[in-house]
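A quick write-up on the structure given underneath.
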Amino acid sequence: MLDHFRHPLVALAILLGACGFDPAGSQAWEPPAVYREWWDKTEACSGLGGDFDRVEWMIVPGESFPCSSGKCVGHWDPGHRIFLASDWSMHEMVVRHEMLHELMRRSGHPSPPFGNGCPLTWETWLRTQSAPALSPPARLLD
Ligand SMILES: [Zn+2]
């Protein structure tokens, strides 16, 4: 029964799965068509270029998931993976925030491009919206 664990590729896959960022219930999913538009807009505002098809999209059921800074609605992984809480998967700022990490190939939020250039933080995004700005939700974006 344990024979398949002896296969080196299977063993490697198990190790990678155990070490990587992998919130409970996360699943690979196909990005909706609008994500390509959002990707193009994010390339334009940042002046950076990247490969949309290289990103592996992961969805995590619910409104947030545990991350190093607390509870996140989005998380970018240097291995070209973007995790999104399912409740926020159609929120343009949340999705494009993570896209910008992929385009920058790093975490952290220097301005520009975050804030100046791309209004992809809660505070700067709410200022661009015509609806009355609510106070930014305490939702973290890794
Ligand atoms: Zn971030």
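Quick note: the sequence shown uses our numbering, first residue 321, plus one each step.
We put the beta carbon where it would ideally sit given N, CA and C, even for glycine.
Below 6 Å from a heavy atom of ligand 1 - residues by beta-carbon: Listed along the chain, these residues meet the criterion: His417, His421, His429, Leu461 and Asp462.
Evaluate contact between the segment 418-431 and the segment 387-398, counting only Cβ atoms and requiring at least three cross-stretch pairs below 8 Å. Taking one beta carbon from each stretch, the segment 418-431 and the segment 387-398 have 3 or more pairs nearer than 8 Å; the two touch.
As an exercise, report each continuous beta strand (DSSP E) stretch of at least 3 residues that is fully enclosed by the segment 349-435, in chain order. Listed in chain order, they are 376-380, 385-387, 390-397 and 401-405.
Among His421, Glu412 and Glu418, nearest to Gln449 - alpha-carbon criterion: Checking every option, the nearest Cα to that of Gln449 belongs to Glu412.
Just to confirm my understanding: we take Gly435, look at its own chain, exclude 5 residues before and 5 after, and list those with CB closer than 6 Å. What are they? If the five residues before and after Gly435 are omitted, its C-beta is found closer than 6 Å to the C-beta atoms of Thr441 and Thr444, all from its own chain and listed in chain order.
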